[in-house]
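Heads up, the sequence shown is in UniProt numbering, so the first residue is 1 and it goes up one at a time.
Think of the CB as a built atom: it goes at the ideal place given N, C-alpha and C, for glycine as much as any other residue.
Worksheet: one structure, shown below.
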Amino acid sequence: MPVIAVDMLHGRSEAAKAALARELTDAFQRTCGSARERIYVIIRDVTQENWAVGGEMCTNLPTYAPALEPVPSAAD
1 MPVIAVDMLH
11 GRSEAAKAAL
21 ARELTDAFQR
31 TCGSARERIY
41 VIIRDVTQEN
51 WAVGGEMCTN
61 LPTYAPALEP
71 VPSAAD
């Protein structure tokens, strides 16, 4: 039972997370050959208060907001 875990800053939509889960599942299945129903994806939303980049908390980095970047659609 493969488990793919993703930690990311909160703020993405349910649709974006669902697309991510599908894409990760597809990639794992293509690469490793597991059955789709046996591939688990865990997405953990982390607040900026609990995330640091370069030793600085994201709350101290006003220009750091990757959760607000556009998420490409599956068609892109």
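Neighbourhood of Arg44 by C-beta, 8 angstroms cutoff - its chain only, sequence neighbours within 5 removed: Once the five neighbours on either side are set aside, the close Cβ partners of Arg44 are Ala5, Val6, Asp7, Met8.
Bounding residues of the alpha helix (DSSP H) (the contiguous stretch that carries Leu24): 14-32
Residue interval of the beta strand (DSSP E) (run including Ile4): 3-9
8 angstroms CB neighbourhood of Cys32 in its chain, flanking five on each side removed: Pro2
Status (buried if at least 16 other CB within 10 Å, exposed otherwise) for Ile42: exposed
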